[in-house]
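Residue numbers (the working numbering), protein chains in the order written: chain V, 580 to 1106; chain W, 4 to 283. What follows is a set of notes on a single structure, which appears directly below.
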């Protein structure tokens, strides 16, 4: 019995008798619900299939169908697929039952729906605004009736009130949004008792720039570049996730050569960011020499990126249907030689970092995220794998050419800064193996499939394991080679909660290195 | 300790000598697209594919005005791919920083054939630059005050983090900006220059204004990247104010998406009047 029939039998009052009228894409099951109540199904999917709730988002279909939809994307690993529950929400009763109390992983995502669409998450333990700051006027920008270019009046009213820090010798340290280093903006509000951190309150969305709404405003061939600007260090991963969603919606077959080229570039993105992070972690505990070598090594990879794509950060290369440019024999030789060179130097860099006892002393047992906590909070990617969460989209739902190359997914359970660094070290080594295998195995044939305008009314979900973790793009197409909705989920959205947990009880001086060991994307979170 | 020293000595000096010697740039690097307005037979395909509207067309069915804005350009090279006649060519030029927003714009007008292709180039101009003289004196003062040692505060006013990657790279041993006596500081109160990235988001506007107010005079403001110059692909919308100069006055604009470290360095040296001594 397939999943739809089973759910229909178990929950006849909740599941619609007919399959959701959405194009069914390979490895994706979409199930239409009768109303917004998704709780019992979520519980069943969780207990019977160990499904993981990956993303929650909404869509304004008031004009077309007279309702809003909430989408709940579950991942199943036994028979790898994504199950998408589509729950209609009436215009007249714009609310839905919150799952956040049972599933803290959706805390921010449900509040985003409140802010963007004006749909109320009833029973949410902390229903305050998250994406639009408290002093925004009462607008809901992702509603279709809200014009993108509208200039809003200046801020007024109360700004965010943080939980007070009270008690003798207990005080508050507000940090940001403009930080001391060269990093992205966000506000961190620490409560400290002497040196140790009692708790941390975060305020994000300072870099919110209307990205999801902008996707609805441009033709797909332009939107690829917008996808590359979601998070600058993951330009190729986000670009690929976006293109895969479009290819899936249009049933475009990406040629094998393009798949292998994408795999190579995705791994180069991983390598250069991981090497940068290893250096930055060393720098944050004062080991500047290691950082100098790491950043020198990163520069070698970045220059290779430029030789392969014309951009140091891999921009302007991915396109719907494949990749934009072919590689010459000289470029392929350079790839080969550079991978060998960087691999040699990387081993020596790792030996250098590990030779320092004082560095190890600072990293070990610092910023611990326990596996149980990581699981409950839905932590993904590097941070998850350092805390026992054995997930990797490349292995679990192979895309590009990942099915062709065996690789190991490193998983640790210690969950401290050291192990988040070690996950990176192990992954870089695996990446070298993938890179070498892929470079020697470049299939013949075109680097890009011919593309036609995308048919309207198609929905598709795409997942990519960016270097940080699981990136999701969901699209609904419309007329004129455009999108009606594009939902982006960067792994950072979930993982901020991990930082809040990991810093507790640590001294404030260790915050920078704990933060760096996660290295989350503000822009990817804020969009 | 011995291992650390040994690694350092075997590595040797990694720093490049730019701008004393030209930058090492891959032939595949996409820098400034060059427009041969005389031989360009049709601007429409390029304007159609441009992701940010850096190529704008106006006019009627007899005359077409084309405006190219390097301040919006993300250097994707699609305009060159789309122009079959080879009149648009991607070069590896990256030293595009300028004091004047207007000098990033090119304009051309064409009379048109019946099918909308270009018949003849009527006029070609770089947009006019004004107030060059007036700015000159102030700039001299800036060079005298800030030219020898410069403290920079970087402000991300809403960037995607792409520009930050390259600003961080300015501090690596390859580009090593400290060889010019230039360093990044933790507070605007210690800074002579604000290096501002991103479209200014509505949520960062106040923080940017406060950072500007906290920076002592004389100060220099540099807008980095397509987004910092013009709002880039994000433009102006309910959450974005557009370029940095929508919120605070800007002295130098550095095009790129993101600008490579050498382009960044070129712009910073231009802003403090030190280019003349470096680039001949």
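All residues carry an ideal CB built from backbone N, CA and C; glycine is no exception. In this text the structure is predicted, and so the values were computed from the model without any measurement.
Residue from the options whose Cα sits closest to the Cα of residue i
i	options	result
residue 645/V	592/V, 667/V and 591/V	667/V
residue 1003/V	1046/V, 1027/V and 1017/V	1046/V
residue 199/W	112/W, 163/W, 159/W and 22/W	159/W
residue 807/V	1007/V, 895/V and 1074/V	895/V
residue 610/V	1085/V, 594/V, 839/V and 623/V	594/V
residue 953/V	867/V, 838/V, 1104/V and 684/V	684/V
residue 1030/V	737/V, 799/V, 590/V and 669/V	799/V
residue 630/V	782/V, 863/V and 660/V	660/V
residue 677/V	884/V, 693/V and 990/V	693/V
residue 191/W	172/W, 148/W, 214/W and 164/W	214/W
residue 704/V	679/V, 968/V, 1035/V and 933/V	679/V
residue 252/W	103/W, 28/W and 92/W	103/W
residue 927/V	650/V, 1087/V, 854/V and 1043/V	854/V
Own chain partners of residue i with C-beta closer than 7 Å, once the 5 adjacent residues on each side are dropped
i	result
residue 628/V	655 and 657
residue 924/V	876
residue 52/W	81, 82 and 85
residue 805/V	790, 793, 794 and 797
residue 1153/V	Outside the shown range of chain V (580 to 1106) lies residue 1153/V, about which nothing can therefore be said.
residue 1028/V	831, 832, 833, 834, 900 and 901
residue 620/V	586, 590, 593 and 664
Beta-carbon proximity check, residue i vs residue j, cutoff 8 Å
i	j	result
residue 829/V	residue 1033/V	yes
residue 1014/V	residue 905/V	no
residue 888/V	residue 979/V	no
residue 764/V	residue 1101/V	yes
residue 994/V	residue 776/V	no
residue 196/W	residue 225/W	yes
residue 258/W	residue 74/W	yes
residue 72/W	residue 124/W	no
residue 21/W	residue 67/W	no
residue 784/V	residue 1105/V	yes
residue 989/V	residue 1005/V	yes
residue 1050/V	residue 813/V	yes
residue 821/V	residue 803/V	yes
residue 727/V	residue 716/V	no
residue 275/W	residue 168/W	no
Endpoints, the alpha helix (DSSP H) within which residue i is located
i	result
residue 1102/V	1101-1105
residue 846/V	835-863
residue 1075/V	1071-1082
residue 664/V	Taken as a continuous stretch (DSSP letters only), residue 664/V belongs to no alpha helix (DSSP H), being part of the beta strand (DSSP E) at 660-669.
residue 86/W	Element bounds for residue 86/W: n/a, residue is neither H nor E.
residue 737/V	Taken as a continuous stretch (DSSP letters only), residue 737/V belongs to no alpha helix (DSSP H), as it is neither H nor E.
residue 640/V	Looking at the DSSP string, residue 640/V is not in any alpha helix (DSSP H); the run it does join, the beta strand (DSSP E), is 631-640.
residue 940/V	936-942
residue 692/V	686-696
residue 960/V	960-964
residue 1000/V	996-1018
residue 768/V	First-last for residue 768/V: 766-772, but that is the beta strand (DSSP E), not the alpha helix (DSSP H).
Residues of its chain near residue i, where Cβ-Cβ distance is below 6 Å and the 5 sequence neighbours each way are ignored
i	result
residue 127/W	40 and 111
residue 600/V	In this predicted model, residue 600/V has a pLDDT of only 49, less than 50, meaning its place in the structure is not dependable; the value taken from the coordinates is given anyway. Contacts found: none.
residue 690/V	709
residue 134/W	Caution is warranted here: a pLDDT of 49 is assigned to residue 134/W, below 50, making its placement in the model unreliable, and no coordinate value can be reported.
N-terminal and C-terminal residue of the beta strand (DSSP E) that residue i is part of
i	result
residue 169/W	Here residue 169/W belongs to no beta strand (DSSP E); instead the alpha helix (DSSP H) covers 165-173.
residue 1094/V	Counting along the chain, residue 1094/V falls outside any beta strand (DSSP E), though it belongs to the alpha helix (DSSP H) covering 1090-1097.
residue 113/W	108-115
residue 159/W	153-159
residue 58/W	58-62
residue 753/V	749-754
residue 776/V	776-782
residue 1065/V	1061-1068
Chain-ordered chain V contacts of residue i [CB-CB under 9 Å]
i	result
residue 241/W	718, 720, 725, 726, 727, 728, 729, 730, 731, 789 and 792
residue 86/W	Chain V residues near residue 86/W: none, gap ~15 Å exceeds 9 Å.
residue 159/W	756, 757, 758, 761, 762, 763, 764, 785, 786, 1101 and 1102
Per-residue contacts from residue i into chain W (C-beta, under 7 Å)
i	result
residue 735/V	Neighbours of residue 735/V on chain W: none; closest Cβ ~12 Å, over 7 Å.
residue 895/V	33, 79 and 80
residue 756/V	207 and 210
Any non-hydrogen atom of the ligand NAP closer than 7 Å to residue i Cβ
i	result
residue 711/V	Looking at this structure, you won't find the ligand NAP or any other ligand, since it has none at all.
Beta-carbon neighbours of residue i, restricted to chain V and to distances below 7 Å
i	result
residue 6/W	931 and 934
Nonlocal neighbours in the same chain, by C-beta distance under 8 Å from residue i, ignoring five residues either side
i	result
residue 840/V	901, 902, 906, 1021 and 1026
residue 1011/V	850, 918, 921, 922 and 925
residue 205/W	241, 242, 243 and 244
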